[in-house]
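Residue numbers (my numbering): 171 to 555. Think of the CB as a built atom: it goes at the ideal place given N, C-alpha and C, for glycine as much as any other residue. Report on one structure; see the data block that follows.
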């Protein structure tokens, strides 16, 4: 009689168990590899983006404040007139830089590129601007690009234009520039239309960044980094908002090196003996309030976030003695009228009935969306012609 075995497993049971275990391990490894690849792909994208953004920020900063600029194709025979030279090396695809008689060198170093290459697309315009696009190529394909139009502040203020090939797109040209001469201390009144363009560009850029952030899935590993980038770039503490003060600070630091230029408007013409008849927020004669600080006040038209429909008042306020960011309680000393292109100063009178207030002293956030606002203003203030 055969004995029954009460312990151990049969060969069939062992085989089935091992098959189930193999399937479970295969599924686990697949999930692990998928997650690993997802984070690896995200890290690679971040490295590519950082490379493109770093090159763009560096070049745009040099271009914004340069005092002379040549934009030439690499095969051009035109002599290079200035000390600093940037281009992209045709062999390595890396940003190359040289100054003076020194040999050119890889600006970031080979390790920084992670086997990527960059490409510059540049159009220098006769109106004092440069369209700059930076592309990062990975395995011969464009993995990231960033671009904008850069205002050449010092070149514009000097009344000159870029040199070389103008109004023609160039790929990987020579950017030959000089920024040793200081022109910013010669600044008088910045062109108000340029200031308005800076404001609209800042607001539009913020809206694009915010839209990109909102479009990301809640569990996207890049979402936290994008939030931090927006907060750092615009100085905001909330990705959903971009206040007047933050926009003003962003424009001032991005386009004016951190400090508004002083404005000389010839205000001595508006001096009167009895200062009590002037704008009550002006202390002393108008001729004594310089230096001024250019600022703006932007307010959205109700019900829209369209930057083309924003209200922007450009004006000048008196700097406080210990606070260069003084807003003077939002009381402008001179206001720019975009309809007739004049600056207006308070109207000195002997009767004291026309005090040059901000249309209505009780209106903290005016919405000058129509010509009537400025018509009212110009009835009370004198144009600086």
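Rounded separation between residue i and residue j - CA only
i	j	result
residue 269	residue 254	5 Å
residue 425	residue 349	15 Å
residue 549	residue 483	17 Å
residue 186	residue 387	41 Å
residue 309	residue 286	7 Å
residue 421	residue 410	19 Å
residue 194	residue 406	47 Å
residue 427	residue 198	54 Å
residue 531	residue 415	Unreliable positioning characterises residue 531 in this predicted model, as indicated by a pLDDT of 34, which lies under 50. The coordinate reading is nonetheless provided below. Cα to Cα, residue 531 sits roughly 20 Å from residue 415.
residue 423	residue 224	17 Å
residue 487	residue 511	19 Å
residue 383	residue 408	12 Å
residue 333	residue 362	25 Å
residue 341	residue 279	21 Å
residue 248	residue 330	19 Å
residue 282	residue 311	18 Å
residue 366	residue 244	36 Å
residue 251	residue 233	16 Å
residue 444	residue 364	Confidence at residue 444 is low in this model, with a pLDDT of 47, below 50, so its placement is unreliable and no value can be given for it.
residue 381	residue 502	34 Å
residue 372	residue 392	23 Å
residue 543	residue 376	28 Å
Run of the alpha helix (DSSP H) containing residue i, from where it starts to where it stops
i	result
residue 394	393-404
residue 552	Premise fails: residue 552 lies in the beta strand (DSSP E), 551-554, not in any alpha helix (DSSP H).
residue 416	414-425
Check whether residue i and residue j have beta carbons under 8 Å apart
i	j	result
residue 346	residue 240	yes
residue 242	residue 343	yes
residue 300	residue 315	no
residue 276	residue 257	no
residue 294	residue 265	no
residue 292	residue 302	yes
residue 552	residue 515	yes
residue 260	residue 267	no
residue 463	residue 513	no
residue 226	residue 323	no
Exposure label - residue i; buried when at least 16 CB within 10 Å
i	result
residue 190	exposed
residue 356	At residue 356, the pLDDT of 38 sits below 50, so the modelled position is not reliable; the number obtained from the coordinates is stated separately. So residue 356 counts as exposed.
residue 321	buried
residue 389	exposed
residue 507	buried
residue 418	buried
residue 369	buried
Range covered by the beta strand (DSSP E) that runs through residue i
i	result
residue 507	504-507
residue 257	254-258
residue 389	Premise fails: residue 389 is in no beta strand (DSSP E) and is neither H nor E.
residue 238	238-242
* In chain order, which alpha helix (DSSP H) runs of at least 4 residues are fully inside the stretch 311-386? -> If only uninterrupted alpha helix (DSSP H) runs of at least 4 residues are considered, those enclosed by the stretch 311-386 are 323-327 and 362-385.
* What residue ranges within the stretch 269-309 form continuous beta strand (DSSP E) runs of no fewer than 3 residues, ordered along the chain? -> You should have 287-295 and 299-308.
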